[in-house]
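Using this note's numbering, read the sequence shown as starting at 11 and increasing by one per residue.
From the three backbone atoms N, C-alpha and C, an ideal C-beta is built for every residue, glycine too.
In what follows, a structure is listed as C-alpha cells, so that the remarks can point back to it.
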Amino acid sequence: MKHLLISFVLMISIWGVTLAMPQSGLHWLLLIGSILATIDFARALWGYARARLEPEEAEPSPGD
C-alpha cells in the first residue's frame with residue numbers, strides 16, 4: 011500500500027511539472043519520466059488489487 015501511495019504522488023507530481031513546462035529538451039525528458047511513473051503506478055495498483063483479490067494460500071503444517 012505504501013508503494014502504491016508513493017507511486018501515485020510521484021506520478022501526479024511529474025505529470026504536473028511536465029504539463030506546466032513549455033516545450034523544450036527538458037520537457038521531453040520529463041514526459042518520458044511521466045510515462046514511466048504512470049507505468050510504475052499501474053504495476054503497483056495491479057499488484058495491490060491482485061493481492062487483495064486472491065486468497066492467501068495456507069502453508070502446509072510440518073506434520074502433513
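Spatial neighbours of residue i in its chain, beta-carbon cut-off 7 Å, leaving aside the 5 residues before and after
i, result
"residue 18", "51"
"residue 7", "No answer is possible for residue 7: it lies beyond the span of the chain, which begins at 11 and ends at 74."
"residue 14", "54, 55 and 58"
"residue 44", "24, 25 and 28"
Cβ-based neighbour list, residue i, same chain, cut-off 8 Å, excluding 5 preceding and 5 following
i, result
"residue 27", "40"
"residue 49", "none"
Close-in-space but distant-in-sequence residues of the same chain around residue i (CB under 6 Å, 5 per side omitted)
i, result
"residue 31", "37"
"residue 47", "20, 21 and 24"
Checklist entry - Hey, which unbroken runs of the alpha helix (DSSP H) at 4 residues or more fall wholly within the stretch 21-70? => result The qualifying runs are 35-63.
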